[in-house]
Structure formats: structure tokens, C-alpha cells
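Single-structure report; data block below.
There are 2 protein chains.
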Amino acid sequence: MAHEQRRIRRTQTDLRERLIEAALIEFAAHGFEGASTRSIANYIGAHQPQINYHFDSKEDLWKSSLADLFDLLSKEVGRAVINDDVSDEVSAEKFADQIRAFIDFAARHPELNRIMVHESTSPGPRLEWLVENFVGPLYTGLKPLWERLQRAGIAAPIHPVLIHHALMGATTLLFLNAHELELLEGIDATKRTWIDRHADGMIATFLPGLRK
Amino acid sequence: MAHEQRRIRRTQTDLRERLIEAALIEFAAHGFEGASTRSIANYIGAHQPQINYHFDSKEDLWKSSLADLFDLLSKEVGRAVINDDVSDEVSAEKFADQIRAFIDFAARHPELNRIMVHESTSPGPRLEWLVENFVGPLYTGLKPLWERLQRAGIAAPIHPVLIHHALMGATTLLFLNAHELELLEGIDATKRTWIDRHADGMIATFLPGLRK
DNA sequence: GTCTATAATTAGATAGAC
DNA sequence: GTCTATCTAATTATAGAC
Numbered sequence: 175m176a177h178e179q180r181r182i183r184r185t186q187t188d189l190r191e192r193l194i195e196a197a198l199i200e201f202a203a204h205g206f207e208g209a210s211t212r213s214i215a216n217y218i219g220a221h222q223p224q225i226n227y228h229f230d231s232k233e234d235l236w237k238s239s240l241a242d243l244f245d246l247l248s249k250e251v252g253r254a255v256i257n258d259d260v261s262d263e264v265s266a267e268k269f270a271d272q273i274r275a276f277i278d279f280a281a282r283h284p285e286l287n288r289i290m291v292h293e294s295t296s297p298g299p300r301l302e303w304l305v306e307n308f309v310g311p312l313y314t315g316l317k318p319l320w321e322r323l324q325r326a327g328i329a330a331p332i333h334p335v336l337i338h339h340a341l342m343g344a345t346t347l348l349f350l351n352a353h354e355l356e357l358l359e360g361i362d363a364t365k366r367t368w369i370d371r372h373a374d375g376m377i378a379t380f381l382p383g384l385r386k
Numbered sequence: 175m176a177h178e179q180r181r182i183r184r185t186q187t188d189l190r191e192r193l194i195e196a197a198l199i200e201f202a203a204h205g206f207e208g209a210s211t212r213s214i215a216n217y218i219g220a221h222q223p224q225i226n227y228h229f230d231s232k233e234d235l236w237k238s239s240l241a242d243l244f245d246l247l248s249k250e251v252g253r254a255v256i257n258d259d260v261s262d263e264v265s266a267e268k269f270a271d272q273i274r275a276f277i278d279f280a281a282r283h284p285e286l287n288r289i290m291v292h293e294s295t296s297p298g299p300r301l302e303w304l305v306e307n308f309v310g311p312l313y314t315g316l317k318p319l320w321e322r323l324q325r326a327g328i329a330a331p332i333h334p335v336l337i338h339h340a341l342m343g344a345t346t347l348l349f350l351n352a353h354e355l356e357l358l359e360g361i362d363a364t365k366r367t368w369i370d371r372h373a374d375g376m377i378a379t380f381l382p383g384l385r386k
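If you read the sequences in order, they're chains A and B. In terms of our numbering, the first sequence opens at residue 175 and continues consecutively. In terms of our numbering, the second sequence opens at residue 175 and continues consecutively.
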């Protein structure tokens, strides 16, 4: 009886986040319009109307899923910002660590960048919501730090307005297109070895003035 | 009468390629599953069944559209390959020109990279078709050239297996996400000034050993 | 070749029994 | 909270008149 209750309560409280996990995978694979609420529910053995019970709408499910994932990102990586208390060298080292952590995150959660590119291909309320709540702060934080690292002779000669997309593209397309590399080389880019190689290359290329 | 016939013939022969132009825009904006054949036909003032008259299916329309666009790409940019008759320096300069031409193409035809990322987020027959026919040859051509330029001390320290996605991501995400930058900075990245700045930065960053 | 009508399927959301 | 049944709307593809 106690066991039965515990099992039921666990299922009830967990269903919302299990739906979110499934939603991230389906939205990442097929985009918002291409992913069906039926397939999301089926993914975890639930029924389609349960989505409309736990969320207001498909769009509410999508927003809840992305808020969760961006929260996880900021916990694991943080945001690139200027710290005036430390030298340019130390700032660059901290930034390099963040690039490494971000690449690691992108490899383990390819859903984030996949959903981002699905949405960014056309204007609309979902893209505006993403930019306003999550992309904007990241973009705004990076620009002055990059300018400082350029003045210090550490950062590559990329315009501060363009560095966000150049760096994001260079670091994440590999994992976003992991299925493609699998077909091309039979390689799993999310293996530790390739993640580390990729991070080494990106840091050396974008921060060529960083001391080894 | 002659005018009438000419008008009709023009419409007939042009409709197929006008449908392809509309299809590229709609597939790029919403993905294969998210784009509807109705909206594609409406885009040029045609009716939905005309697509099934001029093409076998939605998938046939998609393939025809991408074959057209990749043909245009190879005409304008070509493919990065080793030429043993010229020095490392000259090879690097030619490769830099190709990067510049590719960035220009990506800015003027964002549909290509948008469709690529839509498809690469999940395995399937369309991705396999793209890799087999178009991405594979580009990937295979770049790798040995990159190795040569690294031995010559010109190319950045990025692993040859990873350079394709690093370079593609760095160069194209800016235009793929042009709507995002528009929201972030109010900037049109497809303006000549930004295209050139971007190309300068990418060449200097990925080929730091290239003489100015 | 074009265009109307429609067939066959699937989508997100809701009602109501349990 | 769950699950079956169902509603309305939208999808790709086809039939057939012109």
C-alpha cells in the first residue's frame, strides 16, 4: 500500500519533467512544427492528452523545455563577463575554461543548439522569446570581454559584433551535425577524445595569444 | 496572339524553377516537415496541385531544389582541393579566396545552410542523400588540403577531421541566424560591409600564417 | 497545363468516464 | 491524474472538368 502510493506519487511528480526531456529530443530532431505532441508523449509511454493536462499548449511545453535547458547551461557554464579585479591573462584563462565547458555542454546536450538553429531560420515569437530571455544576455556579455582580450593581443582578429556567431558556430556545428560526421567518417564526435581535441583546437584558434 | 502565346510559354517553362525558388525559401524557413506545399505554391501565386504536376512528390521538389542550389554553389565557389603544381603559399591564397567566395555565397543564399541544419538534426534518407551527393565530396576534398597547410605552418591548430564543421559553423552561422542578429543589434549581416569584415576575420583566424 | 473538388491522413486540443 | 473518444483544422496527393 505504501509502496503503491509511493509509486503513484513518483510517476505523477516526474511526468512533467519526463515530458520535457522527451520534448527536447523531439523538438531538436524535427523542429517545433515538425515534432508532434503524440510522438513526444509516446517517447515516454504516455498518452497525447497528458501533455495538455500538464502544459497549457504545445508552445507552453516548448518554452518550459527551453527554460529548463538554459538554466542547466548557465549553471554549468555561466556567462562570459569582464572581471576588473583580474589581469587580462587570467581573464583569458577563465574564458578559455568557459569555452571548454560550453563545448562539453554542447556535446552532451545537442538539443540546445539544434533547437536554436531550427528557430533562428525564420522570425517569429519563439525566436524573439529566445533572444530576449537567453541569447541576448550571452551576446551582450561576450562583446566587451572580447574587445578587452583583443586589446591585450590575446583574441583572434574577429569583429566584436561577429564573434558571438563565429564562436558559437565553430564550437557547436560539430555536435549539431553529429549524425553527418557519423555518416562521413563513422566517428562519434561526442566521445571524450573528440570533445577534448575540439576544445583544444577552438581555444588555440580563437585565443592564439593565450600562454600555454 | 503571338504575345499571348509567348506569355503562356514563358509561364509554363518558368513555373518549375519558380516553384523551386519558393520551395528553397519555405524549406529553409520551416524545414521539410514544417513547410507546406500549399504555402510554397501560394508564394508564387500558383495552386497546390501544380506542385504534384511538375514534381513527383514533396520530396522530389525538395531534392530538385537542393540539387539546383548545390550546382550554383559549385559553380561560384568550387571545391577546396590540393594542387601539387603550386606552392603552399599559393594554395593557401587560393583557399582564402574560396573561403571568401563561400562566405559571400552563404550571405546571398542563406537557404542552403538553413536547410542543411534542419536536415542534420536527425538521421534519415534526406540527410543521407545530402551527405552522399554533396557534403561528402566537400568534406573529403578539404581534409588533405588542410593537412598540407598545417604542415606549412599556415593553418590554425584544428584537427583535420574537425576542420570542416568548425570552418562551416564559424563562417555560416552568422547568416543562418541573420534574423537573430537583426534582433540583437539591428544589424543586417548580409550587407557588403559585414560580409567583408566577416571574411577578413575568418581568413585571418583560420589561416593565421598567411602572408598579408 | 491549370484549377476545383475531394480523398485519406494526421495534427493539437477538449470532453467526460474512471 | 489517466485514458478513450472525438472535434476541428490542416496536411499531401489525386480525379476530372476545362
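Note that the Cβ used here is the ideal one computed from N, Cα and C, for glycine as well. Note that the coordinates shown come from a computational prediction; the quantities given were computed from them, not determined experimentally.
| said: I'd like to know if P334 of chain B contacts chain A, where contact means its C-beta is closer than 7 Å to some C-beta of that chain. | reply: no
| Secondary structure at V264 of chain B, three-state DSSP: helix, strand or coil? | helix
| query | Would you say H283 of chain A faces chain B, with C-beta separation under 7 Å as the test? | reply | no
| message | On the CB-based measure, 16 or more other CB atoms within 10 Å of its CB, does E293 of chain A come out buried or exposed? | response | buried
| field | chain A contact residues for L348 of chain B, given Cβ-Cβ distances below 8 Å | value | L336, H339, A340 and G343
| query | Residues in its own chain within less than 7 Å of D230 of chain A by CB, not counting five upstream and five downstream? | reply | none
| Status (buried if at least 16 other CB within 10 Å, exposed otherwise) for S248 of chain B | exposed
| request: Helix, strand or coil for F229 of chain A, going by three-state DSSP, please let me know. | output: coil
| message | So, under 8 Å CB-CB, A373 of chain A and R274 of chain A are touching, yes? Tell me the CB distance rounded to an integer number of Å. | response | 4 Å
| query | Mind checking if E233 of chain A is an interface residue toward chain B, Cβ cutoff 7 Å exclusive? | reply | no
| request: Anything in chain A within Cβ reach of E250 of chain B, meaning under 7 Å, just list it in chain order. | output: Near E250 of chain B there are no residues of chain A at all, since even the closest Cβ is about 21 Å away, more than 7 Å.
| field | Near-chain A residues of the region 353 to 384 of chain B (beta-carbon distance less than 9 Å), N- to C-terminal order | value | H353, E354, L355, E356, L357, L358, E359, I361, A363, W368, R371, H372, D374, G375, M376, A378, T379, F380 and P382
| task | Please state if the CB of W320 of chain A and the CB of A329 of chain A are separated by a distance shorter than 7 Å. | result | yes
| Can you tell which of A:M376, A:I199 and A:H204 has the C-alpha that lies nearest to the C-alpha of F201 of chain B? | A:H204
| task | Going by CA-CA distance only, name the one from B:K386, B:H339, B:L323 and B:V305 that's closest to L347 of chain A. | result | B:H339
| request: Reducing DSSP to helix, strand and coil, say where G375 of chain B ends up. | output: helix
| task | Note down, in chain order, all residues in the region 201 to 213 of chain B with a beta-carbon under 9 Å from any beta-carbon belonging to chain A. | result | A202, A203, H204, G205, F206, E207, G208 and A209
| As assigned by DSSP and simplified to three states, the class of G383 of chain B | coil
| said: Classify T367 of chain B: buried if its beta carbon has 16 or more other beta carbons within 10 angstroms, exposed otherwise. | reply: exposed
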